[in-house]
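Worksheet: one structure, shown below.
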Amino acid sequence: MSALVVVAAGPLSTLQDAGRFGWQRFGVSPAGAMDAVAYAAANALAGNAPDVAAIEITLTGDTYEVEAESVRIAVAAAAAIVVDGVPAVGWRSFTLRRRQRLVIGPVTHGTRGYVAVAGGFAVEPQLGSRSVHARTGVGGAPLKAGDGLPLARARAPDAPDVKLDGLALPYVPLPIRVVLGPQDDHFTARGIEAFLGGEYRVSAAADRMGYRLEGPEIEHAAGFDTISDGIVFGSIQVPGTRRPIVLMADRQTSGGYPKIATVASASLPTFAQLKPGDALRFAAVAPAEARELLRRQRAALARLAPTPACRDPRDLSSEALLASNLIDGVVGPYD
Amino acid sequence: MPADFRIRPAGDSALVVEFEERIDPALSARVLALEAALTADPPPGVRETLPTYRSLLVRFDPLDPGAEVLEATLASRAAVARGAANPGRLWRIPCAYGGAHGEDLEGVARAKSLTTDEVVRIHATTPWHVYMIGFAPGATYLGKLDARLHLPRRANPRARVPAGSVPIAGQQGLIMSIAMPSGWHLLGQTPVRLFEPRRAEPFLLAPGDRVRFEPISAAEYDRLDRLAERGEVVAEVTA
Chain A
1 MSALVVVAAG PLSTLQDAGR FGWQRFGVSP AGAMDAVAYA AANALAGNAP DVAAIEITLT
61 GDTYEVEAES VRIAVAAAAA IVVDGVPAVG WRSFTLRRRQ RLVIGPVTHG TRGYVAVAGG
121 FAVEPQLGSR SVHARTGVGG APLKAGDGLP LARARAPDAP DVKLDGLALP YVPLPIRVVL
181 GPQDDHFTAR GIEAFLGGEY RVSAAADRMG YRLEGPEIEH AAGFDTISDG IVFGSIQVPG
241 TRRPIVLMAD RQTSGGYPKI ATVASASLPT FAQLKPGDAL RFAAVAPAEA RELLRRQRAA
301 LARLAPTPAC RDPRDLSSEA LLASNLIDGV VGPYD
Chain B
1001 MPADFRIRPA GDSALVVEFE ERIDPALSAR VLALEAALTA DPPPGVRETL PTYRSLLVRF
1061 DPLDPGAEVL EATLASRAAV ARGAANPGRL WRIPCAYGGA HGEDLEGVAR AKSLTTDEVV
1121 RIHATTPWHV YMIGFAPGAT YLGKLDARLH LPRRANPRAR VPAGSVPIAG QQGLIMSIAM
1181 PSGWHLLGQT PVRLFEPRRA EPFLLAPGDR VRFEPISAAE YDRLDRLAER GEVVAEVTA
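Sequence lines, in order, name chains A and B.
Counting from 1, one number per residue, gives the positions in the first sequence under this note's numbering.
Counting from 1001, one number per residue, gives the positions in the second sequence under this note's numbering.
Right, dumping it as structure tokens:
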């Protein structure tokens, strides 16, 4: 069977798609890609439909070896990459042949990235999704050395490799937009002011389940215990520490701390790329405004049009060189 | 009549219909009646509902044109949502109390000046209502615990409590579905698999169901556990 073999795994690499929805009333966390923008870019680079499962890498990527005639691997991340011994850059696809290796080193911008293969991985969905929720084991486990991910396609598409401009993706810039509520009335006016006026930093406790933030204290109006209720991607709860916790893709489905606000869907990709020590501010928007931001972001993602990549994996990113045909004859060792 | 509920945004893709802030079977019934009404006749854009003790989270497609009018639709539906005429299924759940299956049974009995038999009898004769399934897949939150067994959580949570544990804390009961950390008091353990991904219906219980625990011996636990391991459902619906 055709497979992508994991020779060495990064600290947290998991298969993710758009998430496992429809089972939250039974306590199942949706999981899913933390950064919907980079995830969409990975599938666009691979020539896939937008909801095909990809590998989400965290801080450092994996090393893969091809056990197939050939495979097209798309790397949606700014990362140090080595393709069969040759250094390369991210935000492009690489067509590799049997036993060739792709090494994805440290992510150089942001926290995580996505690795998609043309045609997708032939992994059985669980409860309708291929997303891995590591804490409960629903959907599987994080990648480890020796794993073989079955490929749906036995060989790469014939078309040339493609690239995207990673700096031109539709991320909503800081501040992080939030919709106040559902329990903003559990906080004093001073508490809301501190939350919206202050600068926060991502603490060391930041993972797929949630990001604990450091910064100004947020004052509760009357205690911090509420009756457990539903949690969504981006719910911002404030426990007794008076510091916010932003709940992320692997969140629990319900919880009992008051939720002051919710991160706007269009700002979640930006937030998910923050790492410990990064500073941020919040800005309140109305729900309809948040939806308009999302509408524009989704439209921009639907328009993503990867362009042919230079055949040298180092991708000198000089369109002038390519245009003048100076390097067109350079053939990468994987080519 | 002023509304006795409120609707608040949980971001741009969900609304929360909150009834009063207390744990009460009547409020739970309203939450579930609203959910049933939305399931039977879903307003445009609605994707998923998540009932909890006294609120219903309604997730919708934020780009659906229905999103901008959903709040008004939910308000009119919530105003007429009343408790279901048909109570939920009544489940008989076997439970081995005490010993290795319920390490805190003796401690709870001591703390409440009861015998262990009395604690078991109170727990097993309580007509439990399933308020919510949450925190972990299939983890079932039950109420209302008999006042004679009310206790705060343990000072030191355990790092890992086995699947099937049947603990109590505060006014609540719980059936754990997977191994997880917990500060609740362990009274017993059920061999029933609340979450079995191999089953066509992966989840046994649903919000609104009712539960009675049936005390079983450790030997009976082992027998039923072997059946459950093979995929058999060792709980039954009695009403």
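Just so it is clear, CB atoms sit at the ideal spot from N, CA and C, and this is done for glycine as well.
Note that the structure is predicted; figures quoted are calculated from it, not measured.
Shortest Cα-Cα distance from ASP1117 of chain B to any of B:HIS1150, B:GLY1188, B:PHE1195, B:LEU1015 involves B:GLY1188. Going by DSSP, PHE271 of chain A is part of the alpha helix (DSSP H) stretching over 268 to 272.
Taking 8 Å as the threshold, the shortest C-beta distance from PHE21 of chain A to chain B falls below it. The C-beta of THR1039 of chain B has fewer than 16 other C-beta atoms within 10 Å across all chains shown, which makes the residue exposed. ILE1122 of chain B is not bridged by DSSP to any residue. Going by C-alpha positions, GLN297 of chain A is about 16 Å away from VAL285 of chain A.
DSSP places HIS1150 of chain B in the coil class of the three-state scheme, outside both helix and strand. If you check the CB distance, GLU56 of chain A and THR95 of chain A do not come in under 8 Å. Of the other Cβ atoms in all chains shown, fewer than 16 fall within 10 Å of the Cβ of ARG1230 of chain B; this residue is therefore exposed. For VAL172 of chain A, there is no enclosing beta strand (DSSP E), as DSSP gives it neither H nor E. Interface flag for ASP229 of chain A against chain B is set, since a Cβ pair is found closer than 8 Å. Chain A has no Cβ within less than 8 Å of the Cβ of ALA1029 of chain B.
For ARG1210 of chain B, the uninterrupted beta strand (DSSP E) run begins and ends at 1210 to 1216, by DSSP. Those residues of the region 104 to 134 of chain A placed with their C-beta closer than 8 Å to a C-beta in chain B are GLN126, LEU127, ordered along the chain. In this structure, A:ILE73 is the residue among A:LEU169, A:PRO106, A:ILE73 with its C-alpha nearest to the C-alpha of LEU149 of chain A.
For the region 152 to 172 of chain A, no residue has a beta-carbon sitting nearer than 9 Å to a beta-carbon of chain B. Sequence-ordered contacts of the region 1123 to 1135 of chain B with chain A read MET1132, ILE1133, GLY1134, PHE1135 [C-beta pairs closer than 8 Å]. Proximity of PHE1203 of chain B to chain A, defined by a Cβ-Cβ separation below 8 Å, is satisfied. Those residues of the region 1005 to 1019 of chain B placed with their C-beta closer than 8 Å to a C-beta in chain A are ARG1008, PRO1009, ALA1010, GLY1011, ASP1012, SER1013, ALA1014, VAL1016, GLU1018, ordered along the chain.
Cβ-Cβ distances below 6 Å link PRO244 of chain A to LEU213, ILE236, VAL238 in the same chain, with the five nearest sequence neighbours on each side left out; the list follows chain order. When the five nearest sequence neighbours on each side are left out, the beta carbons in the same chain lying within less than 7 Å of the beta carbon of ARG190 of chain A are those of GLU219, in order along the chain.
As the crow flies, the alpha-carbon of GLN126 of chain A is around 35 Å from that of ALA88 of chain A. For GLN1171 of chain B, the number of other beta carbons within 10 angstroms of its own is below 16, and it is reported as exposed.
Here the alpha carbons of VAL132 of chain A and ALA3 of chain A stand approximately 19 Å from one another. At a beta-carbon threshold of 8 Å, the residues of chain A lying near LEU1050 of chain B are GLN24, ARG25, GLY230, THR253, SER254, ordered along the chain. The shortest C-alpha to C-alpha distance from MET248 of chain A to any of A:PHE271, A:LEU102, A:ALA42 is the one to A:PHE271. GLY234 of chain A belongs to the set of residues whose beta carbon lies under 8 Å from a beta carbon in chain B. In this structure, DSSP gives THR60 of chain A an extended state, which the three-state scheme calls strand. For the pair ARG291 of chain A and ALA1067 of chain B, the CB atoms are nearer than the 8 Å cut-off.
Contact of GLY1138 of chain B with chain A by beta-carbon distance below 7 Å involves PHE26, GLY27. Between ALA1218 of chain B and ALA1096 of chain B, the C-beta gap is smaller than 8 Å, which places the two residues in contact. The beta carbons of VAL1234 of chain B and LEU1227 of chain B sit closer together than 8 Å.
Shown here, ALA1079 of chain B sits in a helix according to DSSP, grouped into three states.
When secondary structure is reduced to three states using DSSP, TYR39 of chain A falls in the helix class.
Scanning its chain for C-beta atoms nearer than 6 Å, with the 5 sequence neighbours on each side dropped, one finds around ALA40 of chain A the residues PRO50, LEU301, in chain order.
Within the region 190 to 207 of chain A, no residue places its CB atom closer than 9 Å to a CB of chain B.
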